[in-house]
Amino acid sequence: MEILSKVHYHNLVKWAQDKPDVLVLSADLTGSTEIDLFRDTYPERFLSMGIAEQNMLSFAGGLAREGYCPLVHTFAVFIYRRAYDQIAVSVAYPHLPVKMFGFLPGIMTPGGATHQAIEDISIMRSLPNMTVLECGDATEVESVMDVAYGVRGPVYVRMLRGEIPRLFDPSEPMALGRTRTLSQGHDLVVLSSGICTEEALRALRVLQKRGLAVKHIHVSTLKPFAHPEIIESIAEARYGVISMENHSIIGGLGTIVAEQMAGAGLGKKLVRIGIKDTFLHGASRPYLAREYGLDAQALIEAIEKLVGERFNIGEADLEQIHLTPVHSSAKAEAL
């Protein structure tokens, strides 16, 4: 597996070169959101707004009205919790092209409950006119800029930083409304998003060698959610479907799938893997993934329960996930 460092840091400068309408806004987290190279390269297109997210979002709405495409950068939790009213009234309601990039979603920060965005998908997808995207690897970090820029209205992106694996072929970039089918099978369907896709791959590679036929689909467009192929796959699945997300099971991918299944009149078993109606404490990503049941082993246990069979798979059987030191130059989880 290829590991790339500071993908957004390098990609943003190259991507924005021929887009003079693009401005980048920071809430005093410039280095932490990998926009310091953009600041140094295009200082006239960079705005440091200070620790004032409400003002930043209102200001971004004003810039959008004047023909600019503002790219708001900060930690995910500070976008929707701090500035929800401004997003709703100054951005979403007038349907303005403000693009919001939220870093360190869910368990990706040791900062505890004040820094962990665990309900952002639920909140942001409920806003009219809002598009919600989530990156799962380096290829999607590189290509999400084109997707967000191509949407006429506001966009919220769950972004990755630091050292990121490349799970998907660079020749197949993220596209609005398009899923990725990573394996085929009719026993069950696994739907994953964000960093959980890597964990799902670790589990499913072993399970499929044990004879289980799983259709694994990676989802990056969470709103609008128009994926008829997902419903068709679930309808054909023998045991049902499992959703896996770095987010509360209330309002995120699992809830979206439940809504779609109910609307289609599909009576299949749905198991939701995610954060179970609780705040998290501060710790490393691997610890939190294990503690709150978001890792490959949690998926294996859920599948065993769903199909009624033990596969006797332990951590030693799984591929090791790449872990970047918290305080490395890539700032994997550090604040």
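Under my numbering, the residues of the sequence shown are numbered 262 to 596, in order.
The beta-carbon is built from N, C-alpha and C at its ideal position, and this holds for glycine as well.
A straight-line Cα-Cα distance of about 7 Å links GLY575 and GLN558. Bridge pairing for PRO331: LEU284 [DSSP].
Listed in chain order, the beta strand (DSSP E) elements of length 3 or more contained wholly in the segment 327 to 374 are 330 to 336 and 360 to 364. Contact annotation: ILE492 and GLN521 have beta-carbon atoms nearer than 8 Å. Taken through DSSP and simplified to helix, strand or coil, MET420 comes out as strand.
DSSP places GLY515 in the uninterrupted alpha helix (DSSP H) bounded by 514 to 524. ALA498 is classed as buried because its beta carbon has at least 16 other beta carbons within 10 Å across all chains shown. For LEU531, the uninterrupted beta strand (DSSP E) segment begins and ends at 531 to 536. Contact between PRO426 and ASP398 is confirmed by a C-beta separation of about 6 Å, below the 8 Å threshold. The C-beta distance from SER454 to LEU549 rounds to 17 Å, too long to fall under 8 Å, and the pair is not in contact.
The beta-carbon separation of ASP289 and ILE312, rounded to 5 Å, stays under the 8 Å limit for a contact. Contact check between the segment 263 to 281 and the segment 403 to 420: three or more CB pairs, one atom from each, fall below 8 Å, which counts as touching. Annotated as distal: GLY554 and SER383, with beta-carbon spacing of 8 Å or more. The straight-line gap separating the alpha-carbon atoms of GLY411 and ASN573 is approximately 46 Å. Cβ neighbours of LYS529 within its own chain (closer than 8 Å, five residues either side excluded): ILE495, ALA496, ALA498, GLY501, VAL502 and MET522.
A residue is called buried once 16 or more other Cβ atoms fall within 10 Å of its Cβ, and ASP538, having fewer, is exposed. Looking at GLY367, GLN315 and ILE379, the one whose alpha-carbon comes closest to that of ALA349 is GLN315. In the three-state reduction of the DSSP assignment, ILE495 falls in the helix class, which pools H, G and I. In the structure shown, ARG546 adopts helical secondary structure according to DSSP, grouped into three states. In summary, PHE320 is buried, with 16 or more beta-carbon neighbours lying within 10 Å of its beta-carbon over all protein chains present. Taking the Cα of HIS479 as reference, the smallest distance to any Cα among LEU394, ASP448 and LEU579 is reached at LEU394. Unbroken beta strand (DSSP E) runs of no fewer than 3 residues, entirely contained in the segment 284 to 315, are found at 307 to 309, following chain order. Counting the other CB atoms within 10 Å of its CB gives HIS447 a total below 16, which places it among the exposed residues.
Assignment of GLU459 by DSSP, reduced to helix, strand and coil, places it in the helix class. Counting only runs of 3+ residues, the beta strand (DSSP E) found wholly inside the segment 374 to 445 occupies 392 to 395, 416 to 420, 424 to 427 and 441 to 444, in chain order. At a Cβ-Cβ threshold of 8 Å, ARG306 and VAL274 do not count as neighbours.
When secondary structure is reduced to three states using DSSP, GLU552 falls in the helix class.
Comparing C-alpha distances from GLU562 to each of THR291, CYS396 and MET505 shows the shortest one belongs to MET505.
Where LYS484 is concerned, the enclosing beta strand (DSSP E) starts and stops at 482 to 484. The way I'd put it, the segment 366 to 385 doesn't touch the segment 289 to 304; fewer than three beta-carbon pairs between them come closer than 8 Å. Looking at the DSSP output, LEU265 bridges to ILE425.
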